[in-house]
């Protein structure tokens, strides 16, 4: 029998920067897990109900605890000494994260302005292992591979999928990262390796239609144009892993 666990919205100052324009509808989503009390090493499956353009899971265990993510701990404020690097195993997550942005762009773009996600990921792969002491620099470098998209998209990629060793507010081992989920399959399988109680966090995001407004477009600078509005819903459930 599936264990349906009531999830709830989180509203806090720490997450204020995740709120967005109502031009993008608020995602109406919930999620459940097929076994909320698994044994160590037992695979469990999370299932999402409802609809959104993107999904990111934080599983609550080491390196994937939303409470230790850059988004929560810094409250959107840059740290004093930044240090980020991209690992190879983050590339599939980035691809899943980018898919809806690329699809949305291509649906509205002309034949000569289409984006190729595979080419973009190949280009991003050239950044693996390169160390950056400024997160905005890392974001700008990969934005150059997809200049038709808003710069915030690549800033989110650096925040969520780069290994973050920034020193000011970083917990031991760096900031936590999440897992991007395919928006069509809406399932995620995971295996915990250590017993304990974990808070699983789902971030569901919706994108508005393309917006041709803002100073970025007036000055022909697409990186700072208000190209898309984003609205996010955050939900949680508890997993208790048995020895």
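Numbering (mature numbering (1 follows the signal peptide of the UniProt record, and there is no 0)), first residue to last: -24 to -1, 1 to 219. Ideal Cβ placement from N, Cα and C applies to all residues, glycine included.
Look at residue i and residue j and say whether their C-beta atoms are less than 7 Å apart.
{"i": "residue 60", "j": "residue 140", "result": "yes"}
{"i": "residue 40", "j": "residue 152", "result": "yes"}
{"i": "residue 158", "j": "residue 29", "result": "no"}
{"i": "residue 124", "j": "residue 81", "result": "yes"}
{"i": "residue 176", "j": "residue 35", "result": "yes"}
{"i": "residue 33", "j": "residue 154", "result": "yes"}
{"i": "residue 22", "j": "residue 5", "result": "no"}
{"i": "residue 58", "j": "residue 99", "result": "no"}
{"i": "residue 12", "j": "residue 69", "result": "no"}
{"i": "residue 101", "j": "residue 74", "result": "no"}
{"i": "residue 24", "j": "residue 42", "result": "no"}
{"i": "residue 209", "j": "residue 76", "result": "no"}
{"i": "residue 62", "j": "residue 138", "result": "yes"}
{"i": "residue 174", "j": "residue 215", "result": "yes"}
{"i": "residue 121", "j": "residue 114", "result": "no"}
Flag residue i as yes if its beta-carbon sits less than 7 Å from any beta-carbon of chain B, otherwise no.
{"i": "residue 4", "result": "In the displayed structure, chain B is absent; only one protein chain is listed."}
Using DSSP's beta-bridge definition, name the partner residues of residue i.
{"i": "residue 212", "result": "177"}
{"i": "residue 6", "result": "25"}
{"i": "residue 169", "result": "The partner list for residue 169 (beta bridge, DSSP) is empty, contrary to what the question assumes."}
{"i": "residue 19", "result": "167"}
{"i": "residue 182", "result": "207"}
Please classify residue i: does DSSP put it in a helix, a strand, or coil?
{"i": "residue 35", "result": "coil"}
{"i": "residue 190", "result": "Only weak support is given to the placement of residue 190: the predicted model assigns it a pLDDT of 45, under 50, and the question is left unresolved by the model."}
{"i": "residue 63", "result": "coil"}
{"i": "residue 45", "result": "strand"}
{"i": "residue 77", "result": "helix"}
{"i": "residue 82", "result": "helix"}
{"i": "residue 207", "result": "strand"}
{"i": "residue -10", "result": "For residue -10, the pLDDT reaches just 37, beneath the cut-off of 50, and the residue's location in the model is therefore unreliable, although a value from the coordinates is still provided. DSSP places residue -10 in helix when its eight states are reduced to three."}
{"i": "residue 40", "result": "coil"}
{"i": "residue -21", "result": "Here the model assigns residue -21 a pLDDT of 35, short of 50, so the residue's position is not dependable and the matter cannot be decided."}
{"i": "residue 30", "result": "strand"}
Is the closest heavy atom of the ligand PLP to the C-beta of residue i under 6 Å?
{"i": "residue 166", "result": "In terms of ligand content, the structure shown is empty, and the ligand PLP therefore cannot be addressed."}
Alpha helix (DSSP H) runs wholly inside the region 84 to 161, at least 4 long, in chain order: 93 to 101, 111 to 119 and 127 to 137
Three-pair Cβ contact test at 8 Å for the region 163 to 174 versus the region 13 to 33: yes
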